[in-house]
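Single-structure report; data block below.
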Amino acid sequence: MSEPLRSERFAVTVVEPRPQSSPNPRPSRPKAERAASTRARAKAQAREARQPRHAVAKGAKASAAAGLEADPLEAEGTPQSRERHLQLVADRRQLRLARRHRARLLLGMAAACAVMVAFGLVYLRVIAAQRQFTLDNLNTQVAQQEATYQRLQLQVAELNAPDRIVGYAESKLGMVPSTSVPVLTPSVAGSSTSVDTSPTQAPAGDADYPSIKALMAGTP
Amino acid sequence: MLVIIVASFVAIGARLAYIQGINAKHYLAVGASEWEHTITLDATRGAILDRNGDELAISTPQTTIYADPYQVTNPDLEAAKLAPVLGLTVAKLRSELTEPAGFVYLARTQPDAVANAVTKLKLAGIYNLQEPKRFNPAGQLALPLLGEVGTDGNGLSGLEAEYNSTLAGTPGKLVEELDPQGGQVAGGLQEYQAPKAGSDLVLTIDSSLQYEAEQALAQALVASHGKSGIAMLMDTKTGDLLAVADLSMPTAANTSSSAIPVAIPSLGRNAAGDWVSEVGPQPVESPGASAFDEVYEPGSVMKLITISAALANKVIIPSDHFLIPNTYQVGPTVFHDAENHPTEDWSVTDILANSSNIGTMQIAQRLGKTRLLQYMRSFGIGTRSDIHFPGESDGLLPSYWSDTSIATVPIGQGIAVTAIQMLAAYNAIANGGIYVAPRLVAGTINAQGKLVPTPAVPTHRVVSATVADEMRTMLEQVVTNGTGTSGAIPPYSVAGKTGTALVPLNGGYEAGHYVASFAGYAPAEAPSITAMVQIYDTPNFGATASAPAFAEIGRDALTQLQVPVPAPQPPAPGVPLATTSSANPFGELPSAALPTPTATVTAPASTTVSSVPASGSSGSSGSTVPTSATTTPKTRAGPATATPTTLSPGPSGT
């Protein structure tokens, strides 16, 4: 004989099936009586489906207490009965607690997110401030380098001043201004082109000087 | 009670809505004015460069020391510490440090050494900021052209003033949020508008040639005992001014604290063996650009225009001969040449070579007043140049034509011109008869570094190429056989003309005070340069005072520009060479004795009466134009017995 199934959570008791070898088997019910029982059972199931689990449990209990016969087929442990799903009915108070627990969880997560976002914003501001200081520092360096460049540019210009160069050449190097500049105009004999009128003097020490000198021979 | 509470809340709400909603903009603006700080970012002033890119004027940041008197804790102590560093008196500093103001300048644009010394003192309420300061790296070179810049960075004179908007650039702006301590709010409002740097000005001036011109002019000024001088050098083809030198001998009127004498090479060495500058008064840069804004009577250099006009109108041909007496009466006045001579039979070439006033007058009488004035205007006389230099004068043409004007104007007396006008006139002949507008500014370099050239000014033909060629031959004769031999630049051929005009003084003209000038171009066959030298108020004539300086400036320019010696060119067809030369090697002698007049020779009292500004009027300081109301004819009594001028031996040995 099977043990009655009892759930700790749900007040549902399954009637143990009638043993097979019972000397006094139950007499078979009349057919009409079975049909009526079936209809009643179907209604009960439909009603239970609409009700919460705890109500279903109560309903089963109540129907059991009302003396409604359990479905003989169920009592007998038929495959149909085993396929029927059990409806678990929860306690209302426990559900409320669960809902409250979930809300707190969500609230905590939201608060945590908000704090994280706030910290993130503060962090970004700090980074921006740090970058701003860096940028200001760089701008200052750029301005300083520009000023340095301009000062050096002035220095170069002063060094290039004609009076400074002439003064240095005369006072330190003993150079004097040239009073006359001889202008030589070498011409190429037999050339059909016009006379080379380059006014430059033949540079002393130049590798081409011998050939130039030959060309200039006799030229006043 | 409840009603009162509710009413209070309603009132508060309404006020809140008013402040935050309706009048939000007003309060926002008030708040912005408290925390927003706008800083004007000065734009870097553009530099002035010569044609080779060398800086003639440049701005560099310098440190300005300022104080916040409200933060100064001990004015006496701080003034005592700052005084030796800044070079100011303690009393002056103390008065500034105790001013009821939040900002007061102590010293502007100081060198880095001074700024560092002040910083090291670490005085409360003493701060510094960077301000640009204008420098002229080449010293006083071309300073009359460049002009000056004020403390606030604005041009005050010369090109700095004329092109101030181009050089100044566009200032920028920085708007930032400041905390109550004055520090920038990190991450706060920051609007930055970058300043736009000023454009650089590129001149046509060559700083080397400018220096040489100033040195040559300085030597001529000292040697000829002149009061001031102008030397100009121009590129014949383009009209670019390569050098414009304006020098004056120092006087109480024209010597400022910033005037620095132009160094003149000495004749010897000092004990240390260094070459030393000449001792004694040395010329300084003129306070203004006399080449543009001062007028003078040009004298014989004007004869170029008279004879060119006569040739162009075919009233004469070069081979025409004129009988030139020693004196010549025009209207009530008897005129004479610079030297006594018997009646000569001279060609036009001879007239020009000998700078005969009488010959020129005869030619001018054939030409007539109308055509003479027409050609003078065509040569640019009476109109300011296209340079439009600040204060540039138009010159003066006679508005009243007297009986003697046909005699005086053609020889350059009784009119007033600027040096740039006369230079451009000679350049027109050098260019084959085409007037090329003088140019001083080649262009600008914008903030992006792009050169924007100055738009070219259209040229116009003044005389035909034939006339220009004829004038070339005659002007060459002036230099080879005439009064301008001192202006020769061997082996180049030079075409030029001397000029000696009387300086009006004390209401009249006096011998011994001349405006001596020489204008010409070289090489004559293929001109590359046109130059002019003018010495004002010298006892010497143009041949001795100005021609040698012209030769030196021309030689330096032809050498530096590597101008080849062209093949000799024959004289222009139909132009005779000079057959006579009454000039000695020194050209016109200062001892040219004025003839014993049979009639009183007076300065024409009726010329330029209404067209001449009174001396001392604006723009004509130092003007040599005679006054009108106070003209007093001077009587020359007998021949002058002036002593020949002894030339000071210059370094060139001429």
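Protein sequences appear in the order of chains Z and H. Position 116 of the first sequence, counting from 1, maps to 116 under this note's numbering, and the rest follow consecutively. This note's numbering runs 220 ahead of the 1-based position in the second sequence. C-beta atoms are modelled at their ideal positions from N, C-alpha and C, and glycine is treated no differently.
Query raised in the report: Mind pulling the chain Z residues with CB within less than 7 Å of H:S428?
Result: The residue you call residue 428 of chain H lines up with position 208 of the second sequence. Going along chain Z in sequence order, the residues near H:S428 (Cβ under 7 Å) are P162.
Query raised in the report: Does DSSP classify H:H246 as helix, strand or coil?
Result: Position 26 of the second sequence, counted from the first residue, corresponds to residue 246 of chain H. Three-state result, H:H246: helix.
Report task. Say whether chain H places a C-beta atom closer than 8 Å to the C-beta of Z:L121. Result -> Residue 121 of chain Z sits at position 121 when you count from the first residue of the first sequence. When Cβ-Cβ separations below 8 Å define contact, Z:L121 makes no contact with chain H.
Query raised in the report: Looking at the C-beta of H:G359, does it have a partner C-beta in chain Z at a distance below 8 Å?
Result: Translated into the one-based positions of the second sequence, residue 359 of chain H becomes position 139. At least one chain Z Cβ lies under 8 Å of H:G359.
**Report entry** Contact check, H:R328 vs H:T284, beta carbons under 8 Å
**Finding:** Here residue 328 of chain H is taken as the residue at index 108 of the second sequence, counted from 1. Here residue 284 of chain H is taken as the residue at index 64 of the second sequence, counted from 1. Cβ distance < 8 Å, so H:R328 and H:T284 count as in contact.
Report task. Enumerate in chain order the residues of its own chain whose CB-to-CB distance from H:E368 is below 6 Å, with the five nearest sequence positions on each side excluded. Result -> Taking the second sequence and counting its residues from 1, the one referred to as residue 368 of chain H is at position 148. Contacts found: L376, S377.
Requested in this report: Assuming H:N577 contacts H:F555 (C-beta within less than 8 Å), just tell me the rounded distance between them.
Outcome: As a position in the second sequence, residue 577 of chain H is number 357, starting the count at 1. As a position in the second sequence, residue 555 of chain H is number 335, starting the count at 1. Contact flag correct, Cβ pair sits at about 6 Å.
Requested in this report: Note down, in chain order, every chain H residue with its Cβ under 8 Å from the Cβ of Z:A147.
Outcome: What you label residue 147 of chain Z is simply residue 147 of the first sequence in a count that begins at 1. Chain order gives the chain H residues near Z:A147 as T280, P281, Q350, where near means a beta carbon separation below 8 Å.
Query raised in the report: Looking at the structure shown, is H:T424 part of a helix, part of a strand, or coil, going by DSSP?
Result: The sequence position of residue 424 of chain H within the second sequence is 204, counting from 1. In this structure, DSSP gives H:T424 a state outside helix and strand, which the three-state scheme calls coil.
Query raised in the report: Which chain Z residues sit within Cβ distance under 7 Å of H:F355?
Result: In the second sequence, counting from the first residue as 1, residue 355 of chain H sits at position 135. Neighbourhood of H:F355 in chain Z, by CB distance below 7 Å: L154, in chain order.
Requested in this report: Sort H:D540, H:A491, H:T628 by Cα distance to H:P876 and report the nearest one.
Outcome: This structure leaves residue 876 of chain H out entirely; chain H is present only between 221 and 874.
Report task. Could you tell me whether the Cβ atoms of H:L660 and H:I607 are closer together than 8 Å? Result -> The sequence position of residue 660 of chain H within the second sequence is 440, counting from 1. The sequence position of residue 607 of chain H within the second sequence is 387, counting from 1. Yes, the pair counts as a contact, with Cβ atoms nearer than the cut-off.
Query - Own chain, CB closer than 7 Å to H:D466, minus 5 neighbours either side, in chain order - result: Counting from one through the second sequence, the residue named residue 466 of chain H turns up at place 246. Within the same chain, P364, I450, E505, S506, A509, S510, A511 come within 7 Å of H:D466 by CB-CB distance, once the 5 residues on both sides are set aside.
Requested in this report: Write down the C-beta distance between H:M522 and H:A751 rounded to the nearest angstrom, noting that I regard them as a contact closer than 8 Å.
Outcome: The residue you call residue 522 of chain H lines up with position 302 of the second sequence. The residue you call residue 751 of chain H lines up with position 531 of the second sequence. About 17 Å separates the two Cβ atoms, so there is no contact after all.
**Report entry** C-alpha distance - H:V783 paired with H:S748, whole-angstrom precision
**Finding:** Your numbering for residue 783 of chain H matches position 563 in the second sequence. Your numbering for residue 748 of chain H matches position 528 in the second sequence. Their Cα atoms are separated by approximately 7 Å.
Requested in this report: Using the DSSP secondary-structure output, state which residues sit across from H:P724 in a beta bridge.
Outcome: Within the second sequence, the letter at position 504 stands for residue 724 of chain H. In the DSSP secondary-structure assignment, H:P724 is bridged to H:Y729.
Query raised in the report: Are the Cβ atoms of H:L297 and H:V338 separated by less than 8 Å?
Result: Working through the second sequence from its first residue, we reach residue 297 of chain H at position 77. Working through the second sequence from its first residue, we reach residue 338 of chain H at position 118. Going by C-beta atoms, H:L297 is not nearer than 8 Å to H:V338.
Query raised in the report: Fully enclosed by the region 673-753 of chain H, which beta strand (DSSP E) runs are 3 residues long or longer?
Result: Those beta strand (DSSP E) runs which fall completely within the region 673-753 of chain H and span 3+ residues are 715-725, 728-742.
Query - Span of the beta strand (DSSP E) around H:T318 - result: Counted from its first residue, the second sequence places residue 318 of chain H at position 98. For H:T318, there is no enclosing beta strand (DSSP E), as DSSP marks it with neither H nor E.
Query raised in the report: Buried or exposed: which applies to H:F761, given that a residue is buried once 16 or more other Cβ atoms fall within 10 Å of its Cβ?
Result: Stepping through the second sequence from its first residue, residue 761 of chain H is reached at position 541. Buried.
**Report entry** H:T371 in three-state terms, based on DSSP
**Finding:** By one-based count along the second sequence, residue 371 of chain H stands at place 151. Coil, per DSSP.
Query raised in the report: So, using beta-carbon positions, are H:I755 and H:S444 closer together than 8 Å?
Result: Your numbering for residue 755 of chain H matches position 535 in the second sequence. Your numbering for residue 444 of chain H matches position 224 in the second sequence. Cβ distance < 8 Å, so H:I755 and H:S444 count as in contact.
Query raised in the report: How about H:T580 and H:P618: are their beta carbons less than 8 Å apart?
Result: Taking the second sequence and counting its residues from 1, the one referred to as residue 580 of chain H is at position 360. Taking the second sequence and counting its residues from 1, the one referred to as residue 618 of chain H is at position 398. Going by C-beta atoms, H:T580 is not nearer than 8 Å to H:P618.
Query raised in the report: H:D274 versus chain Z: which residues are under 8 Å apart at the beta carbon?
Result: Your numbering for residue 274 of chain H matches position 54 in the second sequence. Ordered by position in chain Z, the residues that pass the 8 Å Cβ test against H:D274 are A157, N160.
Query raised in the report: Do you know offhand how far H:D372's Cα is from H:K670's?
Result: Translated into the one-based positions of the second sequence, residue 372 of chain H becomes position 152. Translated into the one-based positions of the second sequence, residue 670 of chain H becomes position 450. Cα to Cα, the separation comes out at about 27 Å.
Report task. Indicate whether at least one CB of chain Z lies closer than 8 Å to the CB of H:Y431. Result -> Counted from its first residue, the second sequence places residue 431 of chain H at position 211. Chain Z, which has a Cβ nearer than 8 Å to the Cβ of H:Y431, makes this yes.
Query - Inter-residue Cα distance where the pair is H:T390 and H:Q350 - result: Locating residue 390 of chain H in the second sequence gives position 170, counting from the first residue. Locating residue 350 of chain H in the second sequence gives position 130, counting from the first residue. Cα-Cα distance, rounded: 18 Å.
Query - Beta-carbon neighbours of Z:Q141, restricted to chain H and to distances below 8 Å - result: Start at 1 with the first residue of the first sequence, and residue 141 of chain Z comes out as number 141. Correct list: empty, because the minimum Cβ distance to chain H is about 14 Å.
Requested in this report: Using the DSSP secondary-structure output, state which residues sit across from H:W566 in a beta bridge.
Outcome: Position 346 of the second sequence, counted from the first residue, corresponds to residue 566 of chain H. Per DSSP, the beta-bridge partners of H:W566 are H:F542.
Report task. Determine the burial state of H:V723: buried for a count of at least 16 other Cβ atoms within 10 Å of its Cβ, exposed for fewer. Result -> If you number the second sequence from 1, residue 723 of chain H lands on position 503. With 16 or more other Cβ atoms within 10 Å, it is buried.
Requested in this report: Within 10 angstroms of the Cβ of Z:V126, are there 16 or more other Cβ atoms? Answer buried if so, exposed if not.
Outcome: Within the first sequence, the letter at position 126 stands for residue 126 of chain Z. Answer is exposed; the Cβ neighbour count stays below 16.
Query raised in the report: Got a sec: is the Cβ-Cβ distance from Z:R151 to anything in chain H below 8 Å?
Result: The residue given as residue 151 of chain Z occupies position 151 in the first sequence. Chain H, which has a Cβ nearer than 8 Å to the Cβ of Z:R151, makes this yes.
Requested in this report: Check whether the Cβ atoms of H:Y646 and H:Y741 sit closer than 8 Å, and answer yes or no.
Outcome: In the second sequence, residue 646 of chain H corresponds to position 426, counting from 1. In the second sequence, residue 741 of chain H corresponds to position 521, counting from 1. Yes, Cβ-Cβ distance for H:Y646 and H:Y741 is below 8 Å.
Query raised in the report: Given 8 Å as the limit, is there contact between the region 254-271 of chain H and the region 316-331 of chain H, that is, 3 or more CB pairs closer than that?
Result: No: fewer than three Cβ pairs fall under 8 Å.
Query raised in the report: Buried or exposed: where does H:F599 fall if 16 or more other Cβ atoms within 10 Å of its Cβ makes it buried?
Result: If you number the second sequence from 1, residue 599 of chain H lands on position 379. Around the C-beta of H:F599, 16 or more other C-beta atoms lie within 10 Å, and the residue is accordingly described as buried.
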